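Student: Sharing a structure here in structure tokens format.
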Amino acid sequence: MEKLNLKPGEKCSNLAFISPEVLKRETECGGVNLQSENEIFFVPKGSKLIREKETQTKLSCEEIEELTKKLEELETKLSEAEKLKRDNNLEVQDQITELTTERDNIQRELTNQQTEITQLNNILQTTQQERDRIQQNSFTPEGYEELKTKLFEMILREIKDWELIFSGTDDVEYFRHKLSKKRINVNAVFGFKQSYRIMGELGYRKNIWENYEETIKGWEERDRHNSNNQSSQPETQPTKNPTQEQTPQNNSPSINNPPTSNQKPENQNNPSPNQDQLTEPTNKDNSPTPSDQSNNPLPSNTDIQSHCNSDKDKSIIENNSTLTTPAQKDQAQELLKLIITTEPLVKDQKFNQQILSQLIKEKDNNTLAYQLLNQEGRIEQAISQLQSIQKKLKNNDKTVDNHQPSALSLSTKLLIGEKSEISPPISGKKKSLLLTGKNEYEKLDRELKEYQELSQEVSKEEQSFLLVEIKNLEEKKAELINKIKEQIIEEEGN
1 MEKLNLKPGE KCSNLAFISP EVLKRETECG GVNLQSENEI FFVPKGSKLI REKETQTKLS
61 CEEIEELTKK LEELETKLSE AEKLKRDNNL EVQDQITELT TERDNIQREL TNQQTEITQL
121 NNILQTTQQE RDRIQQNSFT PEGYEELKTK LFEMILREIK DWELIFSGTD DVEYFRHKLS
181 KKRINVNAVF GFKQSYRIMG ELGYRKNIWE NYEETIKGWE ERDRHNSNNQ SSQPETQPTK
241 NPTQEQTPQN NSPSINNPPT SNQKPENQNN PSPNQDQLTE PTNKDNSPTP SDQSNNPLPS
301 NTDIQSHCNS DKDKSIIENN STLTTPAQKD QAQELLKLII TTEPLVKDQK FNQQILSQLI
361 KEKDNNTLAY QLLNQEGRIE QAISQLQSIQ KKLKNNDKTV DNHQPSALSL STKLLIGEKS
421 EISPPISGKK KSLLLTGKNE YEKLDRELKE YQELSQEVSK EEQSFLLVEI KNLEEKKAEL
481 INKIKEQIIE EEGN
């Protein structure tokens, strides 16, 4: 706006605008009191005026509508901005919550890992101490038994990581770890009870393992009963005579001094083999008879499968309509293989208790496979022939026992602790040989008695396995006597 230079009395054609502050200001002689040229300005008529906020002017309808539209647009934008702000706030809040949760999880996981590291360090320290202790005791009998016990307990704890490996005759031969492929011989490390327990826990259900749960419960009950009896009896320590020479444990008689009338040899209920038995061991009253042999050589799986493929009953199994499921056909195939395995034994007049037990079991169950394959009496004939061979072997065994002399050699009598009328002087080395052999013989004799007692408590199906172990122990006893006898003869020759 341009400044106006008006002369006194000249009229102004422009519009004059005075600041409201000027009007509020008091004057002495009326009029207005301007303190600055900015407090008043002039605008030509017809020009648009941009008002100050204090200036009041009237708006046209168009301006009002335009301003209303702008106001609505601004309100819409404001609503959108507020909504976007809320959404952003919610998203940020969710991210903050997620990050907080993740932080807590990481902290918790870190704490768990630290706890696990502490536990592993403790386990490592304990394991190292246990390893050092085992290394110190590993060459002692007690340490060896402890190692076997710990290995047995470890396999039971990790039973899912182990599996059974079978031999060519379908017998369990090894326990094998699935990951490391390490194998443990069934009979080389564990005793019968431990091997029986591991096989049963691995799900082996054949022959004597069918009543596994009942057998284990019976053993545990018997062990509890024995432990209760032992705890109820006070422990007594026998007095030792310092003048007597120290002898092996189990109160066995000394070599130079025959046992007195009050002393009873440990194995008087289980007589030792005589001289004839030193070269060819036979069986006594408490040992398995030849009729109980179950280690006769059987045909290989290849031969059995070959005979099975050419057998006349194979087509009957494949074409029979009564065998509707694959499981029934597999059962019939296994029964046919069992029959084929039996026929060479019958032909050679050999006996196998395990096969006879399986055939009798099939007959008792009277399954579809048995009914199908026994239409011509084939299975009943095999059972009858095996029972005839068993009876014949028992009769032969009784005849051999009746004709065996009862005289024992002096070395054998000294070895098993039997009384002798004369106690000749024995050299130091021979005495050492006899003492060593006597200890080994007594250990075998104790194991044999344990198996014999156990065979009286188990079922008939379980006895077949025990009888094999009993026969093996009898053979070991005979081999031990032969070995000691040869060493003594060699010493006498020197």
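Residue 283 in full-length UniProt numbering is what sits at position 283 of the sequence shown, and the numbering runs on without skipping anything.
In this text, a Cβ means the ideal position worked out from N, Cα and C, and glycines have one as well.
Computed from a prediction, not measured in an experiment: that's the story for all the values here.
1) Less than 8 Å separating the beta-carbons of TYR174 and ASN185?
2) Who are the near neighbours of ALA382 in its chain, counting only those whose CB is closer than 8 Å to its CB and skipping five residues on each side?
3) With a floor of 3 residues, list each beta strand (DSSP E) that falls wholly inside the region 131 to 182, ordered by position along the chain.
4) Look at the alpha carbon of CYS29 and the alpha carbon of GLU63, and state the distance between them as a whole number of angstroms.
5) Between GLN387, THR367, LYS361, which lies nearest to GLN349 when the distance is taken from Cα to Cα?
6) Does the Cβ of ASN283 have 16 or more other Cβ atoms within 10 Å, making it buried, or fewer, making it exposed?
7) Given HIS307, which residues of its chain have a CB within under 6 Å of its CB, disregarding the five upstream and five downstream residues?
8) Could you please give the first and the last residue of the uninterrupted alpha helix (DSSP H) stretch that includes LEU335?
9) If you reduce the DSSP assignment to three classes, tell me which class VAL43 lands in.
10) Is the beta carbon of GLU145 sitting closer than 8 Å to the one on LEU202?
11) Spell out the partners DSSP gives ILE184 in its beta bridges.
12) Below 6 Å CB to CB, which residues in the same chain sit around ILE18 once its five sequence neighbours on both sides are set aside?
13) Distance, Cα to Cα, LYS476 vs THR322?
14) When the Cα of ALA369 is compared with those of GLN353, PHE351, LEU335, which residue comes out closest?
15) Ordered along the chain, which non-local residues of its own chain (more than five positions away) have a Cβ less than 8 Å from that of ALA81?
16) Using a Cβ-Cβ cut-off of 6 Å (strictly less than) and excluding sequence neighbours within five positions of ASN365, which residues of its own chain qualify?
17) Could you tell me the distance, in whole angstroms, from the CA atom of LYS178 to the CA atom of LYS150?
18) Measuring CB atoms only, is the region 98 to 113 touching the region 156 to 171, in the sense that at least three cross pairs come out at less than 8 Å?
19) Give me the residue from THR367, ASN374, PHE351, LEU373 with the minimum Cα distance to GLN385.
20) According to DSSP, simplified to helix, strand and coil, what is LEU67?
21) So what does LEU15 bridge to, in DSSP terms?
22) Looking at the unbroken alpha helix (DSSP H) that takes in SER315, where does it start and where does it end?
23) With DSSP run on the structure shown, which of helix, strand or coil describes LYS391?
24) How would you call GLU75, buried or exposed, if buried means at least 16 neighbouring beta carbons within 10 angstroms?
25) Within its chain, find whatever has a CB closer than 8 Å to the CB of GLN469; leave out the 5 residues flanking it on each side and keep chain order.
26) State the DSSP-derived secondary structure class of LEU298, mapped to helix, strand or coil.
27) Short of 8 Å in beta carbon distance, which residues of its chain neighbour GLU362, apart from the five on each side in sequence? Order them along the chain.
28) Alpha helix (DSSP H) containing ASN365: first to last residue?
Tutor: On the basis of the supplied data:
1) Yes, Cβ-Cβ distance for TYR174 and ASN185 is below 8 Å.
2) Only ILE339, THR342, GLU343, VAL346, LEU359 meet the Cβ criterion.
3) Runs found: 162 to 166, 172 to 177.
4) Whole-angstrom Cα-Cα distance: 42 Å.
5) Across the set GLN387, THR367, LYS361, the C-alpha of GLN387 shows the shortest separation from the C-alpha of GLN349.
6) Model confidence at ASN283 stands at a pLDDT of 40, short of 50, so the residue's coordinates are unreliable; what they give is reported in the following sentence. Taking all protein chains in view, the Cβ of ASN283 is crowded by 16 or more other Cβ atoms within 10 Å, so the residue is classified as buried.
7) Once the five neighbours on either side are set aside, the close Cβ partners of HIS307 are ILE340.
8) Here the alpha helix (DSSP H) through LEU335 covers 326 to 347.
9) Note: VAL43 maps to strand in three-state DSSP.
10) Not closer than 8 Å, so no.
11) As computed with DSSP, ILE184 is found in a beta bridge with PHE175.
12) Excluding positions up to five away in sequence, the list reads ILE40.
13) About 51 Å.
14) ALA369 has its Cα closest to that of LEU335, out of GLN353, PHE351, LEU335.
15) Cβ neighbours of ALA81 beyond the five flanking positions: none.
16) Cβ neighbours of ASN365 within its own chain (closer than 6 Å, five residues either side excluded): none.
17) Between the C-alpha atoms of LYS178 and LYS150 there is a straight-line separation of about 19 Å.
18) Too few Cβ pairs lie closer than 8 Å, so no.
19) Measuring from the Cα of GLN385, the nearest candidate turns out to be PHE351.
20) Correct three-state label for LEU67: helix.
21) Per DSSP, the beta bridge partners of LEU15 are VAL43.
22) In this chain, the alpha helix (DSSP H) harbouring SER315 covers 312 to 319.
23) Helix, per DSSP.
24) Counting C-beta atoms within 10 angstroms of its own C-beta, GLU75 has fewer than 16 neighbours from the protein chains shown and is therefore classed as exposed.
25) Checking the sequence shown, residue 469 turns out to be Glu, not Gln. Taken in chain order, the residues that qualify are PHE192, TYR451.
26) Looking at LEU298 - three-state DSSP - the assignment turns out to be coil, as it is neither helix nor strand.
27) Spatial neighbours of GLU362 in its own chain (CB-CB distance under 8 Å, excluding positions within 5 residues in sequence) are listed in chain order as LEU335, LEU338, ALA369, TYR370, ILE379.
28) Counting along the chain, the alpha helix (DSSP H) containing ASN365 begins and ends at 353 to 365.
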